[in-house]
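Be aware that the sequence shown starts at 1, since it is given in this note's numbering, and climbs by one per residue. Just below is one structure, and these are the notes that go with it.
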Amino acid sequence: MAKTIHVGTLISGGGTNLQAIIDACSRGSIDAKICFTGSDTPGIKGLERAQRSGIDTFVVDYTKIIRSCKHGIEDADLPPDFDLGEILEKQQLVTPDTPAGTLGGASSDGSMERIAFFLKSRAMAEKKLLDHILAHDIDLLVLAGFMRVLTPYFIDRINTVSGRYKIMNIHPALLPSFPGTDGYGDTFRYGCKVGGCTVHFVDYGEDTGPIIGQRAFEIEAGDTLEDVKRKGLEREWELYPACIQAFADAR
Ligand code: GRF
Numbered sequence: 001m002a003k004t005i006h007v008g009t010l011i012s013g014g015g016t017n018l019q020a021i022i023d024a025c026s027r028g029s030i031d032a033k034i035c036f037t038g039s040d041t042p043g044i045k046g047l048e049r050a051q052r053s054g055i056d057t058f059v060v061d062y063t064k065i066i067r068s069c070k071h072g073i074e075d076a077d078l079p080p081d082f083d084l085g086e087i088l089e090k091q092q093l094v095t096p097d098t099p100a101g102t103l104g105g106a107s108s109d110g111s112m113e114r115i116a117f118f119l120k121s122r123a124m125a126e127k128k129l130l131d132h133i134l135a136h137d138i139d140l141l142v143l144a145g146f147m148r149v150l151t152p153y154f155i156d157r158i159n160t161v162s163g164r165y166k167i168m169n170i171h172p173a174l175l176p177s178f179p180g181t182d183g184y185g186d187t188f189r190y191g192c193k194v195g196g197c198t199v200h201f202v203d204y205g206e207d208t209g210p211i212i213g214q215r216a217f218e219i220e221a222g223d224t225l226e227d228v229k230r231k232g233l234e235r236e237w238e239l240y241p242a243c244i245q246a247f248a249d250a251r
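In structure tokens form, the structure reads like this:
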């Protein structure tokens with residue numbers, strides 16, 4: 001039996017993965033305790049699931065923050081420890097070739113000005129996430145359907161020990177195939193005969209960090225996109241708790 005690890009969770013939607021982790025914790029099948037659930041969107045079902053289980057919740061409304069940034073970002077609006085040069089050097093999320101409208105709806109056309117806007121506005125939201133998260137002493141931060149990329153500004157403030165990853169994500173495809181926001185859709189439209197999901201650590205790229213675990217399933221003739229999503233989610237609910245337990249065992 002491993003020591004119980006303290007886990008923070010971030011979500012953006014229905015929270016079925018969160019529910020699977022909550023259930024695994026309460027059954028005692030993983031050595032983990034969820035300390036909080038944060039969201040980038042108010043009013044989502046996943047927040048209700050957390051509250052029903054007595055988990056502290058908070059919301060950092062990304063849409064509102066990014067909208068307010070469109071009027072211009074002053075230096076005084078930025079976190080005091082934000083260093084654009086350093087973040088630009090480290091980040092692997094966006095390049096001058098990044099097409100407009102990628103990165104989860106960011107209005108990036110790849111120009112330096114747009115890249116700077118993207119990184120600054122995200123760091124402003126991330127600072128608010130950190131204000132909540134760093135009030136807890138967590139071993140692991142679990143992204144359970146959190147649909148925002150995280151910049152090095154945020155990642156470096158969670159991963160404070162060099163070489164030790166502390167942020168996990170679940171992705172709806174067999175990485176490194178089909179990174180991005182619609183893994184099951186991309187797998188299905190490509191005509192793959194096998195789909196799957198991946199749990200990985202988060203690094204400075206989008207869906208590029210070290211892989212912890214994967215589950216695959218067959219896509220049969222006649223399967224619809226809905227079938228693919230259902231098969232995938234069922235695997236996710238097993239895989240994520242198993243990967244959290246692997247992290248606890250490694251401690
Ligand atoms: C999952 O398919 C996950 O792989 C992806 O977003 C979805 C979240 O679903 N990142 P839920 O909110 O856990 O139900």
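Note that beta-carbon positions come from the ideal geometry of N, C-alpha and C, so glycine has one too. None of the values given here were measured: they were computed from a predicted structure.
Legend entry - Under 8 Å between C-beta atoms of Val199 and Gly213: yes
Inset, instruction - For Gly183, I'd like the list of residues in its chain whose CB is within less than 7 Å of its CB, leaving aside the five on either flank, ordered along the chain. - result: His171, Pro172, Ala173
Legend entry - For Ile22, the first and last residue of its enclosing beta strand (DSSP E): That residue, Ile22, is in no beta strand (DSSP E); its alpha helix (DSSP H) goes 16-27.
Inset, instruction - For His136, verify whether its CB is less than 7 Å away from any heavy atom of ligand 1. - result: No, since every heavy atom of ligand 1 falls outside the 7 Å radius drawn around the Cβ of His136.
Legend entry - Limits of the unbroken beta strand (DSSP E) element including Met168: Where Met168 is concerned, the enclosing beta strand (DSSP E) stretches over 167-171.
Legend entry - Boundaries of the beta strand (DSSP E) in which Cys197 is found, first to last residue: That run of the beta strand (DSSP E) goes 194-201.
Inset, instruction - Using only the heavy atoms of ligand 1, determine whether one of them is closer than 7 Å to the beta carbon of Pro179. - result: no
Inset, instruction - Check whether the Cβ atoms of Ile5 and Ala144 lie closer than 8 Å to each other. - result: no
Inset, instruction - Please indicate yes or no: does the CB of Ala216 lie closer than 7 Å to some heavy atom of ligand 3? - result: Ligand 3 is not among the ligands present in this structure, which contains only ligand 1.
Legend entry - Classification of Tyr190 by the beta-carbon crowding that lies within 10 angstroms, buried from 16 upward: exposed
Inset, instruction - List the endpoints of the continuous alpha helix (DSSP H) containing Glu236. - result: 225-250
Inset, instruction - Could you name the residues whose beta carbon sits closer than 5 Å to any heavy atom belonging to ligand 1, keeping them in chain order? - result: Gly13, Gly14, Gly15, Thr16, Asn17, Gly145, Ile170, Pro172
Legend entry - Cβ-based neighbour list, Leu18, same chain, cut-off 7 Å, excluding 5 preceding and 5 following: Thr9, Ile11, Thr37, Gly46, Arg49, Ala50, Ala144
Inset, instruction - Measure from the alpha carbon of Ala135 to the alpha carbon of each residue in Ala123, Ile244, Cys35, Ile87, then state which is nearest. - result: Cys35
Inset, instruction - Could you say which of Phe154, Gly180, Val7 lies nearest to Lys274 if we only look at CA atoms? - result: This structure does not reach residue 274, given that the chain is present from 1 up to 251, and the question cannot be answered.
Legend entry - Residue-level contact to chain B via CB, Asn17, 8 Å cutoff: Here there is only one protein chain, and chain B is not present.
Legend entry - Burial state of Asp97 (16 or more Cβ within 10 Å): When all chains shown are included, Asp97 counts as exposed.
Legend entry - Nonlocal neighbours in the same chain, by C-beta distance under 6 Å from Asp203, ignoring five residues either side: Excluding residues within five positions, the ones whose Cβ falls inside 6 Å are Gly209.
Inset, instruction - Quick one: give me the first and last residue of the alpha helix (DSSP H) that Lys70 is part of. - result: Looking at the DSSP string, Lys70 is not in any alpha helix (DSSP H), and its letter there is neither H nor E.
Inset, instruction - Let me know the secondary structure DSSP gives Asp56 once reduced to three states. - result: strand
Legend entry - Pick from Ala246, Pro241, Phe247, Ala250 that is closest to Cys25, judged by C-alpha positions: Pro241
Inset, instruction - Apply the 10 Å Cβ neighbour rule to Glu206 and answer buried if 16 or more other Cβ atoms are within range, or exposed otherwise. - result: It counts as buried.
Legend entry - His136 (DSSP reduced to helix, strand or coil): coil
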